[in-house]
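Written below as C-alpha cells is the structure these notes are about.
There are 2 protein chains.
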Amino acid sequence: MGHTCVTATTTSDEGAAVPVTIRDVARASGVHISTVSRTFSAPHLVNPETRVRVLACAEDLGYRPNRAARALITGRTHNIGLIIADIANPFFPPLIKAAESQARHRDYHVFVADTNEDPTAEEELVHALAKQVDGVLLCSPRMSNSLIEQLSREVPLVVVNRQVTGLPCVLMDVGQGARSAIEHLVGLGHRSIALLGGPRSSWTNREMRRAAGAAARAGGAELTMLGPNAPTEVGGSAVAEQVRRSDVSAVLAYNDLMAIGLIEGLDALGVRVPQEVSVVGVDDITLSRLTRPKLTTVATPTAAAGRTAVDMLLQQDIESPRGARGSGAGTALGVRRTTAQVMLQTDLVIRDSTGPGPYARPARPLAAPRGPGPHCPAGPGIPTAATGDAVAS
Amino acid sequence: MGHTCVTATTTSDEGAAVPVTIRDVARASGVHISTVSRTFSAPHLVNPETRVRVLACAEDLGYRPNRAARALITGRTHNIGLIIADIANPFFPPLIKAAESQARHRDYHVFVADTNEDPTAEEELVHALAKQVDGVLLCSPRMSNSLIEQLSREVPLVVVNRQVTGLPCVLMDVGQGARSAIEHLVGLGHRSIALLGGPRSSWTNREMRRAAGAAARAGGAELTMLGPNAPTEVGGSAVAEQVRRSDVSAVLAYNDLMAIGLIEGLDALGVRVPQEVSVVGVDDITLSRLTRPKLTTVATPTAAAGRTAVDMLLQQDIESPRGARGSGAGTALGVRRTTAQVMLQTDLVIRDSTGPGPYARPARPLAAPRGPGPHCPAGPGIPTAATGDAVAS
DNA sequence: TACTTCATTGCAAACCTTTGCAGCACCACG
DNA sequence: CGTGGTGCTGCAAAGGTTTGCAATGAAGTA
C-alpha cells in the first residue's frame, strides 16, 4: 500500500488494564455494592457520610461505571447513532460536530456511520445500531419514507432534511432561501433565471423548485429548470455549456458545490461571473468564502440542525424507557411520544458571484451590495454560522 | 433559537420496540439458549440441521445479538473510538470516513468524539470511552507524549500524526513532502524561500522545518522561518504583508488553509501568485483544487492513514482479549503486543500556484509543468486521494 | 410503652450472552 | 459386551450493574 515500515518492536506490556468494578469500590469502602451503585445513580438515597467515603474510594481506585452493564439492565445505553450519507461531503462535518457536542453535554456518546449514499447500508446500519443506542439521527436519508417509518418502530429516530409524517424532523427552510435568492436576482435586473436541480428524490430539491418557481412568477421572471444532476462540483460544471448557449443571465444551484463547479465550467468557456452570468449557491460551506469570485449563497443552519436534532431525540427518549423491564406492568401501555417537526431559517448571504442583470436600473450602477442584503426577509440579517448541504435529501 | 415549529402532535406509538432475545429464539426453535448462542458464535459446534432451524427462527423473529451483553462476558465490545481535534477541519473528514469504513468491514462500530483542540477533553474522552471500546485512535493529539503513554495502559491506543515511542503510530512523511516542495521551487529558480510554520507543538511542523532546511541548504537556497501561526486561513493571510516586504519569492506553508489564506492576503496587497510569489501548501484538501490559482501542494494520504490506523488497532486487539475472565490463569502473563510505526508516503501535486523564480533558466519559459512533476521522487506519481491536514500535530 | 414513620443499607434477582463442563446417544473397535 | 471416542446439546456460572423488597435502627407520635 505504498508505505514504509519504520519500526516494529515486540514488547510485553506491563501495566495491563485492571478493570476496577463496583465490587472493588464496595470492598474498599466497606459497604455493599448496591450502596455504591446508589451513590452514583441515586445519591439522595445514601447517607452523606457514606457517600463521601464511597466517592473517595471510587476516585482513588479510578472507578468508572461500566455503561454496557448498566445498559443491560436499564435499557438505556446513553449512546446515540448518527447515520450520514457521506462524511466527506462538506455539508456534514459541521452537523456532526454540533450533534456530537450537544450529545456529550448531555452525557451521551455518539456512533458515526457513513452509508456512502447507499439506502441498503442505511437500513442495515439502523438495525445493527439499534440495540446499542437510545436513538438514531438519520441525516439526509436515501431510503423511502415508509421504510423509515418502519424502522422507527425498532429504535427512536429523528430525521434531518426529510419530512416524514409522524416522525420528528429537522428541516431547513430552503423554500424561503430559494425565494430570497430569486428575489435578490430579480432585484438585480435578471429576468431569465435557471434553477440547477440536484437529486430528484431530495426533499430539499422539491422545496427549492416549488418556491423558486413561485418567486419567479411573482417577480415577473422566467425560470428554466436544469438537471437533475449529481450534487457535486462535476454536476455543476456539466451544465456550463448549456447555460452559455441559453439566454439565462442567472443560475440558482442546488448547492454550493454545484455552483462552484458551474462557475469553473463557465470560466473555462470564457463566460465571466458575475459580469455575464450571476450564480447563487445553497449551504454556505466554508469553501464558498474562499473561491473567486466569492459565492453568493443561501446559508443553511447546519450546526443548529445537529443540535436541535439531538435535543429532539433525547427529549423523546427521556419519556420512554426502552428495553422493558421484566416487571411486566406499565411498560407498553400507551407510551406517548411528542413528534415535532422543526423548520430552521435560512439566510441569503450576498457576496461576489451575483451582479446586475440585463434589466438593471442604473440607480446602483455596478458593485453588488455587500452583507445581508435588502432582499433577505429572514429577520434583520442574523448571520447563521451554517455551512453546506450537498446531496441532502 | 430562530426556528419555527411547524407541527407538534402527540401520538401513542403502537409498534413498541419488542426486544427479541436469544431466549425467544431458543423457545421458538425448541433448543437451549446455549445452542442458539453457539449457532452464532461457534457454528461448527452445532448440528447442521439444528443450525438451519435456529437461523430460520432467528431470521423470522428478527433476532440480533445484543452486543452489550456479549461484551460484558467476552470483554470485547467490537467498538472503537475516534478522537478528533476538530471534525470541521477539512483534514479530518476523509480520515474519519476511511477509518469508519475499514472498521465496519471488520464488524466494528465507531464512536467519534470531537475535542475542540482541548487536551483535557482528550484525556477525559479516553477515560470515558475506555470501557466501551476495544481501542482508540488518537488523531493529531494535543496532549503530552507521557500522558498518552499512560493512557495507553488503560486502553489500546493508536496514534495518528504523532510519534510516541512504544506505541503504534501512523505518520505521514511530510519531511519527504517538504523536501520535494523545496526541490521543486529551487528547480523553478527560487533561491529565497520562506517556510510558514504551524503550531509549535506539532510533530508535522518540526519534521517540515528539519527537512525543508536541509533541502534548501542542499539546493543552495536560503530558507526564512515565518510563524509559528495558527494553522488556518487567517494564520496564512496574517503574514502576507511580511512576505511582501521581504525578498522571498516562494513560500511553503504548513498546510493548505494557510497557503490559501496567504494567497488571499497577497492578492489584497496586489501581489500576484504565482507571477511574483509562488506558494505551496500541504495536505491537498479538496478545496485546493477549487481556488484560483489552483494550489500546488503536498498531498498527504489521509484516507490511507485512517485505514492503516484501524488495521493496526484491530490487529493489536486480536492478540489480547481485554477484560480478563474470572478464570484467573493465563490472562496477564506476558501478553505481547507488536507496536509498529508506519510512515506513509506523500506526493507533491503541482498545480498553478507555483511558477518560475528570479533565477529560472530560460529553457522552459513560462508555464508551470502540470501533473506530478520531475521533482516528485515518490514513485511514478501515484496520485493519492488524500486531503488536508490543518492543525495536525 | 407500643406503634408508625423514616432513613439507610443489604439481599438477591434480573438484564443477555458466552463458555467450561458434563451428559447423552451413538458408533466403532477390540 | 465393554471401552473409548465423537458429535451434539444442556446446565449453570459468570460478567457489572440496577432496583424492588426486606431488614435494621432510630426517631417521632399517641
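Those sequence lines, one after another, are chains A and B.
First residue of the first sequence: 13, per the working numbering; consecutive thereafter.
First residue of the second sequence: 13, per the working numbering; consecutive thereafter.
All C-beta atoms in this analysis are idealised placements derived from N, C-alpha and C, irrespective of residue type, glycine included.
**Message:** Can you tell me whether A:S113 is helix, strand or coil according to DSSP?
**Reply:** Reduced to three states, the DSSP call for A:S113 is helix.
**Asked** Name the chain B residues that come within less than 7 angstroms of A:K109, Cβ to Cβ?
**Response** The CB of A:K109 comes closer than 7 angstroms to the CB of I99, A100 and D126 in chain B, given here in chain order.
**Prompt:** Taking any Cβ of chain A, which residues in the stretch 59 to 87 of chain B have a Cβ under 7 angstroms from it, in chain order?
**Reply:** R76, N78, R79, A80, A81, A83 and L84
**Item:** Three-state secondary structure (DSSP) of B:A379
**Value:** Low per-residue confidence applies at B:A379: pLDDT is 48, beneath 50, and the placement is therefore not dependable, though the value from the model is reported in the following sentence. Of the three classes helix, strand and coil, the one that applies to B:A379 here is coil, per DSSP.
**Request:** Given a cut-off of 9 angstroms, decide if A:L307 and A:D268 are closer than it, judged by their beta-carbon atoms.
**Result:** Yes, the Cβ-Cβ distance between A:D268 and A:L307 is below 9 angstroms.
**Request:** With a threshold of 16 other CB atoms inside 10 Å of the CB of A:P60, please say whether the residue is buried or exposed.
**Result:** exposed
**Prompt:** Among the residues of its own chain, which have a CB less than 8 angstroms from the CB of A:E234, if the five just before and after it don't count?
**Reply:** R203, S204, I205 and A228
**Item:** B:P102 to A:Q188 span [Cα, whole Å]
**Value:** Taking the straight line joining both Cα atoms gives about 29 angstroms.
**First through last residue of the beta strand (DSSP E) which encompasses A:M184** = C181 to M184
**Message:** Looking at B:L183: is its Cβ nearer than 9 angstroms to the Cβ of B:G369?
**Reply:** no
**Request:** Please classify B:A352: is it buried, with 16 or more other beta-carbons within 10 angstroms of its beta-carbon, or exposed?
**Result:** buried
**Message:** Using a 10 Å radius around the Cβ and a threshold of 16 neighbouring Cβ atoms, would you call A:R174 buried or exposed?
**Reply:** Taking a 10 Å sphere around the C-beta of A:R174, we find 16 or more other C-beta atoms and assign the residue as buried.
**Prompt:** With 9 angstroms set as the bound, which would you pick, yes or no: does the beta-carbon of B:I160 sit closer than that to a beta-carbon of chain A?
**Reply:** no
**Message:** Closer than 8 angstroms between beta carbons: that is the criterion. Which residues of the stretch 110 to 121 of chain A meet it against chain B?
**Reply:** E112, S113, R116 and H121
**Prompt:** Can the beta-carbon of B:G74 be found less than 9 angstroms from the beta-carbon of B:V145?
**Reply:** With contacts defined by Cβ atoms closer than 9 angstroms, B:G74 and B:V145 do not form a contacting pair.
**Request:** Could you check what DSSP says for A:Q251 in three-state terms: helix, strand or coil?
**Result:** Note that residue 251 of chain A corresponds to Val in the displayed sequence, not to Gln. Three-state DSSP puts A:V251 in coil, outside helix and strand.
**Asked** Does the beta carbon of A:A142 come closer than 9 angstroms to any beta carbon on chain B?
**Response** yes
**Item:** Nearest neighbour of B:L299, chosen from B:N157, B:G232 and B:P106 [CA to CA]
**Value:** When only C-alpha atoms are compared, the closest one is B:P106.
**Prompt:** What runs of the alpha helix (DSSP H), each 4 residues or longer, lie entirely inside the stretch 85 to 165 of chain A?
**Reply:** 104 to 117, 131 to 142 and 157 to 163
**Item:** Contacts of B:R373 in chain A (Cβ-Cβ under 9 angstroms)
**Value:** Those do not exist, as B:R373 stays about 31 angstroms from chain A at its closest Cβ, beyond 9 angstroms.
**Request:** Under 7 angstroms between beta-carbons, which chain A residues line up against B:F123? List them in chain order, please.
**Result:** H121, V122 and F123
**Request:** Express the C-alpha separation of B:E71 and A:E71 in angstroms, rounding to a whole number.
**Result:** 45 angstroms
**Cβ pair B:L8, B:R256 closer than 9 angstroms** = Shown here, chain B extends from 13 to 405; a query on residue 8 of chain B therefore has no answer.
**Prompt:** Quick one: does A:P105 have its CB under 9 angstroms from some CB of chain B?
**Reply:** yes
**Request:** Would you please verify whether the beta carbon of A:T303 is less than 9 angstroms from any beta carbon of chain B?
**Result:** yes
**Message:** Check whether chain A comes within 9 angstroms of B:P31, counting only Cβ atoms and requiring the distance to be less than that.
**Reply:** Yes, B:P31 lies at the interface with chain A (some Cβ there is under 9 angstroms from its Cβ).
**Asked** Looking only at its own chain, which residues have a Cβ that is under 8 angstroms from the Cβ of B:R154, when we skip the five neighbours before and after it?
**Response** A97, T127, E129, D130, P131, E134, S213 and S405
**Request:** Look at the Cβ atom of A:A110, then the Cβ atom of A:R301, and state whether they are nearer than 9 angstroms.
**Result:** Taking 9 angstroms as the Cβ cut-off, A:A110 and A:R301 do not qualify as a contacting pair.
**Prompt:** How would you write the range of the alpha helix (DSSP H) that A:G225 sits in, first residue to last?
**Reply:** W215 to G231
**B:A224 to B:G209 span [Cα, whole Å]** = 11 angstroms
**Asked** What did DSSP end up calling B:A311 once you bin it into helix, strand or coil?
**Response** Assigned with DSSP and collapsed to three states, B:A311 falls in strand.
**Prompt:** What's the C-alpha gap between B:P292 and B:C181?
**Reply:** The sequence shown places Val at residue 292 of chain B, not Pro. Answer to the nearest angstrom: the Cα atoms are 27 angstroms apart.
**Asked** Can a CB atom of chain B be found closer than 9 angstroms to the CB of A:L94?
**Response** yes
**Prompt:** Does the beta-carbon of A:D259 have 16 or more other beta-carbons within 10 angstroms, so that it is buried, or is it exposed?
**Reply:** exposed
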